[in-house]
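**Student:** Once you've had a glance at the structure underneath, I'll fire off some questions.
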């Protein structure tokens, strides 16, 4: 396979690809928004910065499912040779965030990856009903 640069890849796929979703504004003030449904696109925006197809080293946090039907977050990493590496993030929250930070190839997307992992983690906790209920204190002593 012939290796081409990331910028050339983006020029070829930026206007038309199967992952592109265009949302047109209703007036001239509200411009059109272009979303992308690529797996490695962290922000789901169709730009060169976030594209998982155009960037040779892309990282994303997604949800995987095991044989029992349980879902868990995984870190999917595209290496420079084109291979994908999947790292399960089924540890506690802190160590999983450290894994996301250390395994990320691009420092500019670290905060976005952490936010995406936090959303997936909180969604799984709510689905499994493991999230702790917050106790609402009313009044000075916590009574009614």
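In my numbering, the protein residues as written are -3 to 140.
Built from N, CA and C at the ideal position, the CB exists for glycine as well.
First and last residue of the alpha helix (DSSP H) that includes residue 90?
**Tutor:** Reading the chain shown from its first residue, position 94 is the one you call residue 90. Element bounds for residue 90: 89 to 99.
**Student:** Is the distance from the Cβ of residue 109 to the Cβ of residue 55 below 8 Å?
**Tutor:** Position 113 of the chain shown, counting from 1, holds the residue named residue 109. Position 59 of the chain shown, counting from 1, holds the residue named residue 55. Yes, these two residues count as a Cβ contact at 8 Å.
**Student:** Per DSSP, residue 131 forms a beta bridge with which residues?
**Tutor:** In the chain shown, residue 131 corresponds to position 135, counting from 1. Residue 131 is not bridged to any residue.
**Student:** Here's a check: name, in chain order, each residue in its chain whose Cβ is nearer than 7 Å to the Cβ of residue 95, leaving out the five neighbours to either side.
**Tutor:** One-based indexing of the chain shown puts residue 95 at position 99. Hits under 7 Å: 71, 83 and 85.
**Student:** Quick one: any contact between the region 49 to 64 and the region 1 to 18, if contact means 3 or more CB pairs under 8 Å?
**Tutor:** These segments touch.
**Student:** Which residues mark the beginning and the end of the alpha helix (DSSP H) in which residue 3 is found?
**Tutor:** The sequence position of residue 3 within the chain shown is 7, counting from 1. First-last of the alpha helix (DSSP H) with residue 3: 2 to 9.
**Student:** Can you tell me the Cα-Cα spacing of residue 107 and residue 63, whole angstroms?
**Tutor:** Against the chain shown, residue 107 aligns to sequence position 111. Against the chain shown, residue 63 aligns to sequence position 67. Whole-angstrom Cα-Cα distance: 31 Å.
**Student:** Kindly give me the distance between the Cβ atoms of residue 81 and residue 87, rounded to whole angstroms, as I take these residues to be in contact under 8 Å.
**Tutor:** Here residue 81 corresponds to residue number 85 of the chain shown, with the count starting at 1. Here residue 87 corresponds to residue number 91 of the chain shown, with the count starting at 1. With a Cβ gap of about 17 Å, residue 81 and residue 87 do not count as contacting.
**Student:** Select from 27, -1 and 43 the residue whose C-alpha is nearest the C-alpha of residue 12.
**Tutor:** Position 16 of the chain shown, counting from 1, holds the residue named residue 12. Checked all of 27, -1 and 43; the closest Cα to residue 12 is 43.
**Student:** I'd like the list of long-range same chain contacts for residue 35, defined as Cβ closer than 8 Å, with 5 residues on each side in sequence excluded.
**Tutor:** Locating residue 35 in the chain shown gives position 39, where the first residue counts as 1. Taken in chain order, the residues that qualify are 48, 56, 58 and 72.
**Student:** Using the three-state DSSP reduction, which class does residue 29 fall into: helix, strand or coil?
**Tutor:** By 1-based counting over the chain shown, the position of residue 29 is 33. Correct three-state label for residue 29: strand.
**Student:** Using DSSP with H/G/I as helix, E/B as strand and the rest coil, what is residue 80?
**Tutor:** Sequence index remark: in the chain shown, residue 80 carries index 84 (1-based). Here residue 80 sits in strand by DSSP.
**Student:** Span of the alpha helix (DSSP H) holding residue 109?
**Tutor:** If you number the chain shown from 1, residue 109 lands on position 113. Looking at the DSSP string, the run of the alpha helix (DSSP H) that includes residue 109 is 106 to 123.
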